[in-house]
Amino acid sequence: MMDKYTKLQMAGIYAAVTVFLIFILLPFFEMFMASLRPLEHLFRSPYQFWSDDFSFQAYSDMWDTVPLLGRYIFNSVFIATSVTLITMVFVVPAAYAYARLDFPFKNGSLAIFLGVNMFTGAVLLIPLYRVLRSIGLLNTYWAMIVPGVAFLIPTGIWLLRSYLEKIPKELEEAAFVDGASRMYTLRRVVLPLATPGLIVVGTAVFIGAYAQQFLFAITFNQQRELQPLPAGLFEFIGYQDVTWNQMMAAALTGILPVMVIFLFLQKYLVAGLTAGAVKE
Amino acid sequence: MTDIATEYAATGTKQKAKSLPEAVFAWLLIGPAMLFIAVIVAWPLAETIRLSFMEAGLGGEEYVGLANYQDLVESRKFHQTIVRTFYWMFLSVALKLILGLIGATLLNAAVPGRALFRVLVMPPWIIPMAIGMIGWLWLYNGYFGVLSGTMMSLGITDGPFEFLAYKQSAFYSAVVADVWVGTPMVTLFFLAAMQGVSRDLYEAAWVDGAGRWYRFRRITIPQIMPVIVSMSLLSAIFTFNSFEIIWILTEGGPRGATTTLIVDTYKTAISNFKFGEGSARAVIIVILLGAFSLIYLNVLKYVNRKYGTK
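Residue numbers (our numbering), protein chains in the order written: chain A, 27 to 306; chain B, 129 to 438.
If you want it as structure tokens, here you go:
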């Protein structure tokens with residue numbers, strides 16, 4: 027009853043939602059349209075809203091124009107996957123400690139982790155550059171993986187902690203009373219129960235890792251074969267004759283991996299990411 | 129009675145004590161993550177502070193005291209950069225909050241299709257910013273972009289308009305792109321908070337004859353206030369630190385019009401290899417962000433007290 031809208035109100039809501047979504051989706055829509063237009067048509071001024079010669083040609087040509095495109099996409103996925111796995115190795119034990127255990131300097135250390143979120147890599151690039159150079163990691167995959175992990179650990183701990191707190195304590199306590207060691211309880215009781223949470227947090231970390239590669243890549247890596255997609259494409263934009271239709275096709279292809287994962291898990295992801303916003 | 133209770137509690141702990149003490153176990157679990165952060169974040173941070181007192185480049189280092197800071201204090205260009213950064217931040221955060229609030233309210237409305245809308249809002253948040261910016265570069269293109277094209281066909285401009293070529297328009301174009309990136313997160317957090325507000329409150333108000341606007345103002349806003357405050361800070365930090373958006377759209381140009389503190393730092397240190405001068409800028413960023421967080425924590429405490437959560 028309370029939620030009932032008049033027809034006029036409904037129309038108003040849908041109109042406003044449409045405007046909002048146009049703002050959000052316009053760049054994607056235009057990228058897609060550009061990817062469908064033949065190049066000579068793209069460079070036609072004044073701008074035309076509709077062309078009658080749309081084709082998917084750019085999606086097959088792009089592999090020749092950007093010979094390393096496949097490699098870039100592979101690099102992006104590879105770096106993001108490595109970052110996710112390594113991050114989770116650090117995050118799982120730490121998140122468990124914050125969710126369940128009581129220990130000295132608990133709040134202080136958590137604040138330090140969250141404080142890391144205040145800095146983006148950009149502030150620390152100079153010494154990081156020198157650290158990576160001195161240990162010989164510059165221009166390797168590690169140059170992009172290691173900083174990536176550091177900046178995702180805090181978010182991972184934060185998200186997984188709030189998930190673990192929701193798992194009832196009784197099972198752990200039962201295992202404990204039966205004489206199981208702490209490690210055993212963590213491995214055999216808590217982790218299996220937390221699997222859905224691990225998947226959500228892992229996915230969130232993966233998406234973050236996929237998204238954050240640009241800065242580290244353009245700063246710490248000069249080797250073209252190791253470049254992730256955004257950095258690889260960015261290089262092409264500086265060229266004299268940018269084949270924009272293929273560039274857009276490549277960019278859209280490059281976000282396909284995250285979009286697919288996101289679409290499958292979006293319901294859980296939204297709940298997991300915004301967990302802190304809802305009062306218990 | 130009390131003695132039995134204490135004794136019971138004591139045996140309880142004794143049972144646990146046969147495995148590791150809790151504090152030791154906890155620090156074993158946290159240790160690796162802490163160590164990693166220390167090496168990759170804390171140490172470089174300390175190193176940044178040290179370097180800010182150095183004249184450092186590719187060649188070597190030389191202690192120069194406060195000279196780097198002195199240069200910044202005296203530089204009119206740097207003052208402009210600071211002012212520009214704060215203007216950039218306030219404008220962009222304000223827009224994100226307003227749009228986020230409107231968006232969340234719309235998505236929270238009980239109309240068919242809202243689950244789909246929620247999915248459609250997310251892409252700018254989850255895709256790599258750099259790729260979103262390639263899209264915006266195309267939109268802002270004067271000759272072939274849809275924005276300039278629409279303006280021409282509506283007769284607003286006579287010829288092609290290059291959004292990123294003029295100081296003013298480049299700045300505001302970058303703001304819009306930044307708002308585009310940041311709005312989905314704000315929207316979804318506000319939406320989650322709104323959905324957490326107890327329905328009883330609304331129903332009670334509704335029974336009393338309160339209209340929608342009244343309920344929004346007097347129930348929704350106060351109830352989600354802590355989230356509004358946290359989102360303000362989070363977006364402020366992100367916006368302040370926003371590098372990729374500006375770098376890809378304009379590289380800080382034209383003629384410095386979009387050079388914020390973080391872009392200036394990057395240009396100085398990485399593009400021009402002036403490590404010392406770059407570090408001094410980085411330290412100033414850290415100080416500003418720190419001050420910022422302190423203010424925010426106090427505001428959050430106040431808000432939580434006022435609106436009675438925790």
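All C-beta atoms, glycine included, are put in the ideal place defined by N, C-alpha and C.
Within the same chain, Cβ atoms closer than 7 Å to the Cβ of residue 317 (chain B) are found at 355, 359, the five residues on either side in sequence being excluded. The C-beta separation of residue 235 (chain A) from residue 178 (chain A) comes to about 6 Å, placing the pair in contact by the 8 Å criterion.
If you compare the alpha carbons of A:33, A:271, A:240 with that of residue 255 (chain A), the shortest gap goes to A:240. Residue A:142 holds the alpha-carbon nearest to the alpha-carbon of residue 181 (chain A) among A:197, A:203, A:142.
When beta bridges are read from the DSSP output, residue 184 (chain B) appears opposite B:189.
Straight-line spacing of the CA atoms in residue 188 (chain A) and residue 124 (chain A) works out to 9 Å. Taking the C-beta atoms as reference points, residue 308 (chain B) is found no nearer than 8 Å to residue 256 (chain B). Residue-level contact by beta carbon holds for residue 369 (chain B) and chain A, with a gap shorter than 8 Å. The residues 94, 97, in chain order, have a CB closer than 7 Å to that of residue 251 (chain A) in the same chain once the five nearest residues on each side in sequence are set aside. Neighbours of residue 155 (chain B) across chain A, judged by C-beta separation under 7 Å: 129. In its chain, beyond the 5 residues on either side, 380 have a beta carbon closer than 7 Å to the beta carbon of residue 395 (chain B).
In this structure residue 314 (chain B) does not touch residue 216 (chain B) by the C-beta definition: roughly 17 Å separates them, more than the 8 Å allowed. The CB of residue 204 (chain B) never comes closer than 8 Å to any CB in chain A; the least such distance is about 24 Å. Per DSSP, reduced to three states, the secondary structure at residue 149 (chain B) is coil, with no helix or strand assignment. Scanning chain B for C-beta atoms nearer than 7 Å to the C-beta of residue 236 (chain A) yields 256, reported in chain order.
For residue 412 (chain B), the enclosing alpha helix (DSSP H) starts and ends at 403–434. In this structure residue 371 (chain B) is in contact with residue 148 (chain A), their Cβ atoms being roughly 5 Å apart against a cut-off of 8 Å. Shown here for residue 408 (chain B): same chain residues with a beta carbon closer than 7 Å to its own, the five before and five after excluded, namely 180, 196, 197, 200 in chain order. Of the other Cβ atoms in all chains shown, fewer than 16 fall within 10 Å of the Cβ of residue 214 (chain A); this residue is therefore exposed.
Contact of residue 105 (chain A) with chain B by beta-carbon distance below 7 Å is absent, the smallest such distance being about 11 Å.
The residue among B:159, B:175, B:427 with its C-alpha nearest the C-alpha of residue 353 (chain B) is B:427.
Counting the other CB atoms within 10 Å of its CB gives residue 264 (chain B) a total of 16 or more, which places it among the buried residues.
The C-beta distance from residue 238 (chain A) to residue 250 (chain B) rounds to 17 Å, too long to fall under 8 Å, and the pair is not in contact. Considered as a whole, the stretch 171–245 of chain A harbours 196–203, 208–211, 217–237 as its complete alpha helix (DSSP H) runs of no fewer than 4 residues, in chain order. Within chain B, the C-beta atoms nearer than 9 Å to that of residue 239 (chain A) come from 256, 258, in chain order. Annotation for residue 261 (chain B): the continuous alpha helix (DSSP H) segment containing it runs 257–268.
With fewer than 16 other Cβ atoms inside 10 Å of its own Cβ, residue 115 (chain A) counts as exposed. Just measuring C-alpha positions, the residue of B:289, B:149, B:157 sitting nearest residue 119 (chain A) is B:157. Counted as a single uninterrupted DSSP element, the alpha helix (DSSP H) harbouring residue 281 (chain B) occupies residues 274–281. For residue 342 (chain B), the secondary structure class from DSSP, reduced to helix, strand or coil, is helix. Around residue 113 (chain A), the same chain offers 175, 178, 179, 182, 231 as residues with beta carbons nearer than 7 Å, after the five sequence neighbours per side are excluded. Between the alpha carbons of residue 64 (chain A) and residue 83 (chain A) lies a gap of roughly 8 Å. In the three-state reduction of the DSSP assignment, residue 137 (chain A) falls in the helix class, which pools H, G and I.
The shortest CA-to-CA distance from residue 154 (chain B) to any of A:282, A:209, A:163 is the one to A:209. For residue 217 (chain B), the secondary structure class from DSSP, reduced to helix, strand or coil, is helix. Between residue 185 (chain B) and residue 402 (chain B), the CB-CB gap stays under 8 Å.
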